[in-house]
Each structure stands twice: as C-alpha cells, then as structure tokens.
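At position 323 of the sequence shown (counting the first as 1) the number is 458 in the numbering used here, and the numbers step up by one without a gap. Don't be surprised by glycine CBs; every beta carbon is placed ideally from N, CA and C.
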Amino acid sequence: MTTHAPRVFSGMQPTGNLTLGNYLGALVNFVALQEREEFERLYCVVDLHAITTFQEPATLTQATREVAAAYIASGLDPDRSILFNQSRVSAHAELGWIFTCVARMGWLNRMTQFKEKAGKNRENASVGLFSYPTLMAADILAYRATHVPVGEDQKQHLELTRDIAQKFNNDFGRPDFFPLPEPLIQPETARIMSLRNGENKMSKSDPSDMSRINLTDGADLIAQKIRKAKTDPEPLPSEPEGLAGRPEAQNLVGIFAALSKVSVADVLAEHGGQGFGAFKPALADLTVASVAPIGEAMRRLLEAPDEIDSILADGAERAAALARPVLREVYDTLGLTGGGSA
Ligand code: TRP
C-alpha cells in the first residue's frame, strides 16, 4: 500500500459573476486550507469545463481572470497555493480523454447534474457536457490529489472520480496508482440560498440580480439587497429549531453565522427575539464589511490583467511539473508510446 502525499485540488468555473454563495461555499474553505501545512494545494479556474456550454470567447477570457482575481482577493496566496487555469496545462485534456475511455456510459447516465443542466433538450447538449465528470476526474487525478473541497452538489462527481481511479488501478493491475480522493465539505456554510426565495440556491444564473450578492457589488448595492431580501413577519427564534419551515429566515441567519464564523445557535442566542427590522441592518453591515473589500481588491487586480496572467502562467508551470510524471506513467501503463505532451 503506497500512501499518497496529502494534496488538495479544487476548481471553479469561469461562467458569470461569482456570488456570496461561491465565497462562503467554496472560497472560504479554500483559504482555510491554506493554514493546513500538511497539504499541498492547487486551485484551478476550469475554463475547459466552461466550454461544455457555449461561451463568448472574449467573455471567457475575462471571466477566467475574474475568478483568478476572486481567488487572490479572498486570500489565496500564489506563493502558498498553486493558482492556474486549466487550459494552460495540457495534462487535463489528455488524461480527460483517457478517462472517457475508462468511465462507463452507465456511470455517466446516472449523473444528476447532467440531467439538470441538459434539461429537456438532451439531444442537443454537447458531448462534453455529458462527459464533464471525466474531465473533472482528470483535474484531480493528474495531481494524485487526495482531498477535494467541494459543495454538496459535486459529491456525485467525486464518487465517479473514485470509481474511475479504482477501475484504472484494477484494469491495469496498478493497485494504488491513483488515490481515491475524499471530499471536504463544510456543512454549515455549504448552501447559501437566494435572497428572493429561500428554497432555491443563490445562483449566478438567476434572472433576478436582487436574488444574489455578487462579489463585485458595491457597498450600497449590497446593503440594499439585504434590506430587500424576502423574509417572514415573525421575529427571530432563540433556538435553531425555531427556524424549521422558515427558509428565508434560516438563510439570513446562516449567512450571518458564516460571515461572523460562529454557529447558528450563537447568532440566535444574541439576536433571538429581534424582528428583521433590527436584524437586517446588522446583517447588511456585516456583509458589506466582508464582501465590499473583496470586490475592491478584485477591481484593482483586474486593472492589471497582465499581472493576473503572469500569476496563472507561473502556477501552470508548477502544476504541469507535478502532472508530467503522472501522465508519463499513465501513457506507459496503457502501452501508449511517446509519453504525451503534458
Ligand atoms: N465541477 C465543479 C463545479 O462546477 C468545478 C470543478 C471542475 C471541480 N473540476 C474540479 C471541483 C475538480 C473540484 C475538483 O463546481
């Protein structure tokens, strides 16, 4: 049994504006892992995944830099974590193809995200959208990553990654060649919901901009969105159980807890009994204080796109150096001569 060095890999798609949901559901987690010395970390902007649905080329380039700017503005340090975009390292596409040949149609047919994204128009979805999880498996396994911080919605894709790793290891008689990576899910903050409907996830694709806080929203707009967030007429309960059946109240208290890094119970111990007329201004202040500086830092970074690109190029070089020996061994193992170009 070989043990694989603890290595974290995660990625975000450069499609549309990043929201408070992305920040609390993913970025905060990425940054917290930076304090864990035992891990090596790679954080990727997955631009090859973005093109599974049509992207305007200039918009894709800009969105890739925006996600990179959000990584840095949220506290990821390019010296301590490898930050790069996927298309700069050819190992992802190369191993992705190989995994397309390892994964089974039946496995991919079970993926709920494809069913949701393709909707009724399945015949017209790209083949890439269908095989999306095989590329995600390649992202992770090209680095033999052992831990993957993701939201609940990606757990199924991570299970598929493990299935691919295991089948590869078995088919080619290489036990432990790939690790079986574990998800790292932060339960309390994993799901931030829409400000207009507490039953739907906060989403960059919601037609109403008032439903979400974008990381680039200015202070006034953030405060306005919180003030106008949907609520119910009851005051806040003093215990978490009192939030049952009150999705909007639950969401706002959850955001408060996540931003102030305390438990929901602690927020309610302090604010229980308050009406939203009192709670919303406190939440607005907290959200502005947490998000507005990130937006400002993003805007500053985006004024120098060359600097962002050079950070990504440097990260890509370090990433490629890690992936190259793995890919070479994969090619050899399969009897493919040449070793690939990664
Ligand atoms: N599928 C992920 C999402 O949409 C993004 C992603 C791509 C990813 N490759 C990854 C996440 C590898 C973790 C690891 O959120």
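* To do: Taking residue 195 and residue 185 to be in contact with their CB atoms under 8 Å, please state how far apart those CB atoms are, rounded to whole angstroms.
  => Distance from residue 195 to residue 185 at the Cβ level is roughly 6 Å; contact confirmed, criterion being Cβ atoms closer than 8 Å.
* Taking C-beta to C-beta, are residue 266 and residue 235 nearer than 8 Å? -> A contact, by the Cβ cut-off of 8 Å.
* For residue 488, collect the residues of the same chain with a Cβ closer than 7 Å to its Cβ; drop the 5 residues on either side in sequence, then sort them by chain order. => The question about residue 488 has no answer, for the chain in this structure spans 136 to 477.
* Asked: Quick one: does the C-beta of residue 145 sit closer than 7 Å to a heavy atom of ligand 1?
  -> Checking the Cβ of residue 145 against ligand 1 gives yes.
* Where the alpha helix (DSSP H) through residue 184 begins and ends -> Where residue 184 is concerned, the enclosing alpha helix (DSSP H) stretches over 182-185.
* As assigned by DSSP and simplified to three states, the class of residue 309 -> Residue state, collapsed to three classes: coil.
* Where residue 327 falls: helix, strand or coil (DSSP) -> Coil.
* Could you tell me if the beta carbon of residue 207 falls within a distance shorter than 7 Å of some heavy atom in ligand 1? => No - ligand 1 has no heavy atom lying nearer than 7 Å to the Cβ of residue 207.
* Tell whether a beta-carbon distance below 8 Å holds between residue 445 and residue 408. => Against a cut-off of 8 Å, the Cβ pair of residue 408 and residue 445 comes out as no contact.
* Run through DSSP, which three-state label would residue 339 get? -> Residue 339 falls in the coil class under three-state DSSP.
* **Sheet register partners of residue 144 (DSSP bridge)** => Residue pairing for residue 144: DSSP places it in a beta bridge opposite 177.
* **Nearest-angstrom Cα separation, counted from residue 232 out to residue 424** => Spanning the two alpha carbons is a distance of roughly 45 Å.
* Where residue 349 falls, given that 16 or more other Cβ within 10 Å makes a residue buried -> Result: buried.
* For the alpha helix (DSSP H) containing residue 423, list its first residue and its last residue. => Secondary structure note for residue 423: its alpha helix (DSSP H) is the uninterrupted segment 411-437.
* Asked: Can you tell which of 242, 293, 326, 146 has its C-alpha closest to the C-alpha of residue 222?
  -> Per the Cα distances, 146.
* Hey, is the region 429-438 in contact with the region 246-259, meaning 3+ C-beta pairs nearer than 8 Å? -> Three or more beta-carbon pairs separated by less than 8 Å are not found between the region 429-438 and the region 246-259, which leaves the two stretches without contact.
* **residue 274 beta carbon near ligand 1 (any heavy atom closer than 7 Å)** => For residue 274, the CB falls within less than 7 Å of some heavy atom of ligand 1.
* **Unbroken stretches of the alpha helix (DSSP H), 4 residues or longer, contained in the region 338-386** => Complete alpha helix (DSSP H) runs here, min 4: 354-362.
* Short check: CB of residue 351 to CB of residue 394, under 8 Å? -> In this structure, residue 351 keeps its C-beta atom at 8 Å or more from the C-beta atom of residue 394.
* Any non-hydrogen atom of ligand 1 within 7 Å of residue 246 CB -> Residue 246 Cβ: outside cutoff for every heavy atom of ligand 1.
* To do: For the alpha helix (DSSP H) holding residue 249, just list the boundary residues, first then last.
  => Segment 247-253, the alpha helix (DSSP H) holding residue 249.
* Alpha carbon to alpha carbon, how far is residue 475 from residue 448? -> Roughly 20 Å separates the two Cα atoms.
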